[in-house]
Structures are given as C-alpha cells and as structure tokens.
Amino acid sequence: MKTVKNKFSNKKLSPMYYIPLLLIAGFVPLLVHGKYIDLQGTVQSLYWTGQNQVLDFFSYWKSRWVIVLTSLALFTYICLVISKKLPFKKQYKYYIPMGIYALFVIISTIFAIDASTALNGFVDMYQGMWVLLSYVAITFLMINFINNERDTKMFLNAFVFLIIVEGIIGVGQYFGLDIFNTKFGNHLIVPSGVTVDGGLTFNFGKHTIYGTLFNTNYVGSFATLMMPMAAVFLLSARTLKTKIIGVVAFVLCTFTWIGCNSRAGYVGVVFATIVAIIMFRKYVVKYWKISVNVLLVAVICLVGLNAVSGGRIINKVKTLNIFKEIDRVKIEANKDDKFIINSIDIEGNIVKVKSSHQDLNIKIEGDSLLFIDEEGNKLPMKTTKTGKLIVGLPKQHYIQVEMTKNYPGFTLSTKWGSKGSISFYISGETIQPISNTGRLVEIKDVEYFKQLEGLEKFASGRGYIWSRTIPLLKKHVFTGAGADNFAIAFPQDDYIAKMNMSMDAAMVVDKPHNMYLQMAINTGVVSLIAFLTVCIIYIVSSIKALWRVNYDTLEKKMCLACFLGVIGYLFAGIFNDQIVSVAPLFFVILGLGISINIRLNRKGKENV
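Position in the sequence shown (from 1) plus 1 gives the number in our numbering.
Right under this line is the structure:
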C-alpha cells in the first residue's frame with residue numbers, strides 16, 4: 002500500500018488532464034454572457050414578473066459550463082483510473098456524507114414542488130439537480146486528482162489569474178468605469194443577433210464592486226475564498242516576477258474585498274484572519290515585517306476607499322456589531338409613531354384597512370371609490386401631481402391610493418410611497434388582490450418564527466426572510482422542496498408583512514440570504530446535515546494537520562489557505578446564499594484542502 006501511495010504522489014500527469022477542473026477554478030467565475038430564457042409553468046405564472054422571457058447574464062452559462070466541465074473531468078478520471086494512472090483514494094469518511102447529500106438532492110428533485118425548476122434551476126440562480134451533483138463531483142475529483150505539489154501549484158496559479166482579472170474589473174467598477182457599461186463590454190456579453198435599445202447598464206453605481214459575480218454580496222464570499230490564496234502566492238514567491246504578480250494579486254484582492262461593500266464578506270475575512278493568527282501564531286511574530294505590511298495594505302485600502310466613497314465603508318463596518326444592530330432594529334420596531342398595517346380585510350365591495358395610525362375603508366360605488374371611516378363618514382383626500390389620492394388629515398400618517406392604468410383597480414401604498422404597496426382588481430362590485438403577474442390572490446396569515454418578531458429589518462431585511470423560512474424546515478426534513486425551489490416554497494402571499502417591510506407586496510423572495518436555510522429548504526434538512534458533516538470532518542482534519550506544522554513548503558501553506566478559505570466562506574454563508582458564480586470555487590478548494598490534508602496527515606509529525 003505504501004508503494005502504491007508513493008507511486009501516485011510522485012507521478013506527475015500531463016496538465017492536459019487537469020484542464021476541465023482548472024477552467025472551473027480560474028475561468029468559469031469570469032463568464033458573463035447573455036442568454037434569453039423562456040419562462041414556463043410555475044415560474045412564469047406564479048413566481049416571476051409575468052414576462053415570457055428573461056435575459057440572464059451572470060448565472061445561466063456558468064451553470065451549464067460547470068455541468069459540462071465536471072462531466073468531462075469525471076470521464077477523464079474514470080479513464081485514468083482504469084489505466085491505473087490515478088488512484089481511487091478510499092476516503093469513505095468524506096464519500097459517505099457526500100453520497101448522502103447527493104442522494105437527497107436526487108430525492109428532493111423527484112418529490113419537488115416544481116420538477117422543471119428542480120432540474121434546471123430558478124431564474125437568476127440555475128442551481129438545479131445537475132449543478133448540485135456537479136458540486137459533489139468536483140469535490141470528489143479534486144480529492145483524487147491532486148497528488149503532489151505540482152498539482153497544487155497549478156490550481157494556485159489559476160486562482161491568482163482569476164483574482165487579477167476580477168480585481169481589474171472591480172477597480173474600474175468602483176471608480177465608475179464599468180467595462181460592462183461600455184460599447185465594448187456590451188459587445189462581449191450581448192448574444193449575437195440581439196439588439197438592446199440604448200445599450201445595457203448594470204446599475205450598481207460607483208463605489209461598489211459586483212465584478213462578474215452578479216451581486217456585491219457574492220463578491221464578499223469570493224473574497225473570503227481568494228484572500229488566503231493571494232497571500233500564499235505572495236509568501237511563496239521566489240523570483241522578482243512572481244513577487245510582483247503576488248503583490249498585484251494581493252492588493253487587488255484586498256481592494257475587491259473592501260470595495261464590494263459586503264458586510265458578510267467583511268465578517269468572513271475577519272473571522273478567517275483571527276483563525277489564521279491562532280494557527281499561524283509563531284510566524285506572525287517571527288515575520289512581523291510581513292505581518293505589518295499585510296496589515297498596512299488593508300488599512301491603506303480601507304482608508305482610501307472610505308475617503309473616495311464619502312465614508313460609506315466605515316458606515317458599513319459600524320453595523321457589524323450584531324448586538325448593537327439588534328438593539329437598533331428593536332428600538333425602531335417599538336417606536337410609538339411607527340406606521341404599520343395591522344390587517345387588510347375584504348368584505349364584499351369594501352376593503353377594510355387597519356393600521357397603527359389610521360383606519361380606512363375603501364368602497365366601490367358605481368364607477369367611483371369612496372374613502373370612509375368605520376362610522377361611514379367620508380374622509381378628506383387630495384390628489385397629488387402624480388395622480389395619487391392621499392387620504393386622511395394632513396398631519397396624520399396617511400395611506401395613498403393610485404388608480405391602475407392597465408386594468409380596473411387601484412394600488413394601495415403606505416406613507417413610503419411606491420414602497421410598501423399592494424394592488425387590487427375590481428370586477429363589478431367585487432375587489433380582490435392581484436399579483437404582479439396578473440394572478441388573483443388571497444391575503445393570508447403566515448406562520449413565522451416568533452423569536453425574530455420585531456427583528457424583521459435585521460441585516461437588511463434578512464430577519465424577515467429568516468422568520469418566514471424557519472417554520473418551513475419541519476416540512477422539508479427529508480425530501481426538501483426541490484433543488485432551487487426556495488422561491489416556490491416561500492410564503493409569497495405574506496402581503497401585509499411585506500408592506501410593513503417597505504416592500505411591494507407582489508415582490509418575489511427568491512432566496513433566504515443564508516446558505517444553510519437555502520440547502521435545508523431546497524434539498525432537505527438531512528442533506529444540510531450531510532454537507533455540514535463533510536465540512537466538520539475537513540475542519541478537524543485541517544486542525545490536526547496544521548496545529549504543529551512548519552510552513553516550509555507550498556503544500557503546507559496551501560493547506561492553511563484552503564482551511565481559511567473554507568472557514569471564511571462558511572461564516573459568510575450565514576448571511577449569503579450559495580450561488581453558481583462562487584460555489585464551484587468553494588468545492589474546488591474544499592476538495593483541494595482534503596487532498597492536501599490526506600498527504601500531510603499521512604506523513605505524520607516526524608515528517609512535518
């Protein structure tokens with residue numbers, strides 16, 4: 002057995018065999034290209050905006066290339082194993098929970114609320130069954146493909162290439178020079194034969210970075226994975242050329258991390274850094290000059306970008322104190338003058354609205370609407386320049402009503418104007434709520450997690466989404482709602498709560514902004530437990546490999562980098578979703594880290 006292990010550790014395959022996995026690691030996250038998607042069935046009629054097609058730039062092609070490249074890598078691996086050029090590493094402690102996760106992905110698809118979505122993925126996400134199974138396969142393949150330091154270095158180079166390209170794009174976006182908002186950029190990403198009137202504009206604005214990853218939050222998750230890689234490349238550089246590349250990569254990665262304005266990304270990197278200081282404690286002191294320079298780069302980027310953005314970054318950082326943020330949200334929720342909708346009831350031709358400051362009855366009378374109080378008295382109203390009817394006394398917190406243009410009905414909005422609104426359809430003498438897709442709906446009481454009551458606005462509204470998601474867990478322990486079926490499982494008819502969150506009542510909540518709730522609802526609680534089991538086994542294995550190691554080789558440094566990347570990503574996942582723009586990188590790094598740990602732990606203390 003010892004002879005066989007050494008044989009594969011010392012044997013170097015042609016880099017050609019690694020190309021599919023290297024493309025997943027260094028190229029797929031950069032893909033941005035338009036694809037018109039035909040919306041059908043459940044997604045079109047119930048849970049999207051009603052159009053027949055949607056133009057996707059950031060997720061569809063990434064998901065398809067992940068499937069294709071993973072399939073190609075798996076086929077290559079099978080051929081190499083048959084020809085005895087690669088081993089099958091008997092790491093069943095990882096394979097068993099990975100297999101359980103894959104099994105429940107398939108089971109959740111079989112019993113999915115919407116089978117088509119479970120296979121192909123939801124709009125903007127595209128993480129259906131085939132993509133999720135690809136994530137499992139990527140981890141397995143990385144464990145078995147990586148057998149020596151040369152293999153590890155190839156993937157580190159791929160990461161550095163990705164960091165530099167993503168960083169250059171990010172710098173431009175931060176200073177208002179977004180390549181995707183130029184004619185050249187439009188030419189690169191708009192499908193041939195498609196004409197977009199007036200060109201494309203991605204409106205994230207200056208002083209933030211979304212890169213090629215669809216959203217600024219996902220850039221934060223990307224940074225948690227890539228910061229350790231940039232640091233290792235820099236610390237391992239031996240020639241002037243590689244040192245320059247290392248400095249550029251590290252500075253760009255730091256810039257991207259701070260400039261994306263993702264609080265989840267900030268927390269993930271900071272948490273990983275604390276773990277790094279503990280694990281790397283002797284070297285932080287021994288190489289204090291390097292430590293100071295690394296800290297200096299971060300401080301310069303932070304101060305500089307904060308100055309350019311007018312204090313935006315420091316304002317974000319101030320909200321990272323969770324306890325203060327909770328207190329702030331609670332104080333705001335308990336204000337005496339806070340305006341909330343308590344109930345909306347429909348009785349025949351009357352809509353009865355009860356709020357904390359004003360009760361209003363809207364009655365159909367012929368072709369007109371009457372606004373009356375509980376005693377039947379007409380309420381004063383005035384018409385604004387935009388055509389909205391403001392009902393109630395001038396000094397009251399008032400409700401606004403606007404007649405709809407495309408169908409007989411009206412839109413009811415709160416004091417926040419266009420935010421916090423719900424539309425109604427009038428048919429004869431009856432009134433019924435209507436969704437943004439033209440579907441007649443009902444206002445329902447929705448179960449929620451009472452411990453989060455009053456914290457709905459915590460973490461930019463995550464408190465609300467989590468409070469409505471947690472009760473769904475008991476329904477999806479084994480089968481799940483189906484891969485990428487979260488939006489269909491979520492209680493979208495929670496209209497009153499949405500209005501009180503300053504949301505359009507018809508707005509679709511398509512993700513929980515929590516990777517763990519996302520997994521639990523989509524593929525079941527059991528699948529989440531299986532995933533966490535793999536991560537916990539890896540973390541324990543990493544601590545065992547790293548605690549007393551001397552970081553004298555690239556592989557040992559990469560062992561730490563993979564560990565920190567996984568830790569940071571998992572921590573950021575409390576506030577971020579799993580998304581196809583970043584998730585493949587995580588599973589590449591997880592598999593790479595497992596493979597390195599196997600070799601380091603096998604050598605034992607006497608060899609490290």
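Note that beta-carbon positions come from the ideal geometry of N, C-alpha and C, so glycine has one too.
Report back the beta-carbon spacing between residue i and residue j to the nearest angstrom; my notes put them in contact at under 8 Å.
{"i": "E1", "j": "M502", "result": "What the structure shows of the chain is the stretch from 2 to 609, and residue 1 is not part of that stretch, so it cannot be assessed."}
{"i": "Y102", "j": "I144", "result": "Not confirmed; about 15 Å, so no contact."}
{"i": "L370", "j": "K364", "result": "7 Å"}
{"i": "I427", "j": "L413", "result": "Not a contact, Cβ separation roughly 12 Å."}
{"i": "V252", "j": "V298", "result": "6 Å"}
{"i": "I164", "j": "A231", "result": "6 Å"}
{"i": "I391", "j": "M500", "result": "Incorrect: roughly 17 Å between the Cβ atoms, too far for contact."}
{"i": "Y219", "j": "I580", "result": "5 Å"}
What separation, rounded to the nearest whole angstrom, lies between the Cα atoms of residue i and residue j?
{"i": "L441", "j": "D346", "result": "15 Å"}
{"i": "E366", "j": "I432", "result": "12 Å"}
{"i": "V295", "j": "M126", "result": "35 Å"}
{"i": "L214", "j": "S582", "result": "5 Å"}
{"i": "L75", "j": "L142", "result": "7 Å"}
{"i": "V352", "j": "I471", "result": "31 Å"}
{"i": "V434", "j": "F340", "result": "Correcting the residue type first, residue 434 is Pro in the shown sequence and not Val. Cα to Cα, the separation comes out at about 22 Å."}
{"i": "S419", "j": "V195", "result": "Any reading at S419 is ruled out, since the residue's pLDDT is 49, under 50, leaving its predicted position unreliable."}
{"i": "T405", "j": "F160", "result": "52 Å"}
{"i": "G35", "j": "S193", "result": "9 Å"}
{"i": "R282", "j": "W289", "result": "11 Å"}
{"i": "L189", "j": "N121", "result": "25 Å"}
{"i": "L24", "j": "T384", "result": "59 Å"}
{"i": "R313", "j": "N307", "result": "6 Å"}
{"i": "V124", "j": "L565", "result": "32 Å"}
{"i": "V567", "j": "S528", "result": "19 Å"}
{"i": "C536", "j": "E403", "result": "52 Å"}
{"i": "K90", "j": "I315", "result": "47 Å"}
{"i": "I245", "j": "M228", "result": "16 Å"}
{"i": "L518", "j": "G206", "result": "30 Å"}
{"i": "E448", "j": "V300", "result": "45 Å"}
{"i": "D337", "j": "H358", "result": "10 Å"}
{"i": "G455", "j": "I342", "result": "14 Å"}
{"i": "T209", "j": "C254", "result": "14 Å"}
{"i": "T110", "j": "I332", "result": "43 Å"}
{"i": "I259", "j": "Y175", "result": "11 Å"}
{"i": "S292", "j": "A277", "result": "12 Å"}
{"i": "P88", "j": "V249", "result": "37 Å"}
{"i": "N216", "j": "R603", "result": "41 Å"}
Does DSSP put residue i in a helix, in a strand, or in coil?
{"i": "G566", "result": "helix"}
{"i": "P611", "result": "Nothing can be reported for residue 611, as the shown portion of the chain is limited to 2 through 609."}
{"i": "P16", "result": "helix"}
{"i": "L178", "result": "coil"}
{"i": "M404", "result": "strand"}
{"i": "F372", "result": "strand"}
{"i": "K63", "result": "helix"}
{"i": "E348", "result": "strand"}
{"i": "N598", "result": "helix"}
{"i": "L201", "result": "coil"}
{"i": "Y219", "result": "helix"}
{"i": "M508", "result": "coil"}
{"i": "Q54", "result": "strand"}
{"i": "S419", "result": "Caution is warranted here: a pLDDT of 49 is assigned to S419, below 50, making its placement in the model unreliable, and no coordinate value can be reported."}
{"i": "E556", "result": "helix"}
{"i": "F363", "result": "Reading off the sequence, residue 363 comes out as Ile, not Phe. Strand at I363."}
{"i": "K451", "result": "helix"}
{"i": "N610", "result": "Outside the shown range of the chain, which is 2 to 609, sits residue 610, and nothing can be said about it."}
{"i": "P229", "result": "helix"}
{"i": "S582", "result": "coil"}
{"i": "I147", "result": "coil"}
{"i": "M130", "result": "helix"}
{"i": "L561", "result": "helix"}
{"i": "F28", "result": "coil"}
Counting contacts by CB-CB distance shorter than 8 Å, is residue i in contact with chain B?
{"i": "L178", "result": "In summary, chain B is missing from the structure at hand, where a single protein chain is found."}
For the region 464-473 against the region 507-526, are there 3 or more C-beta pairs whose distance is under 8 Å?
-> yes
contact_flag[the region 481-496, the region 517-530] where n(CB pairs < 8 Å) is 3 or more | yes
Any contact of the region 145-160 with the region 548-567, i.e. 3+ C-beta pairs under 8 Å?
-> yes
Any contact of the region 266-283 with the region 168-181, i.e. 3+ C-beta pairs under 8 Å?
-> no
Can we say the region 273-280 touches the region 235-254, given the rule of at least three CB pairs closer than 8 Å?
-> Between the region 273-280 and the region 235-254, the count of C-beta pairs closer than 8 Å stays below three; the two stretches do not touch.
What beta strand (DSSP E) runs, 3 residues minimum, are completely inside the region 67-101?
-> none
Which whole runs of the alpha helix (DSSP H) in the region 246-330 are 4 residues long or more, in chain order?
-> 264-280, 282-287, 289-309 and 313-319
Would you check if the region 30-38 and the region 205-225 touch, i.e. whether three or more CB-CB distances between them fall below 8 Å?
-> yes
At a cut of 8 Å, does the region 125-140 reach the region 67-87 through at least three beta carbon pairs?
-> yes
Can we say the region 546-554 touches the region 595-603, given the rule of at least three CB pairs closer than 8 Å?
-> yes
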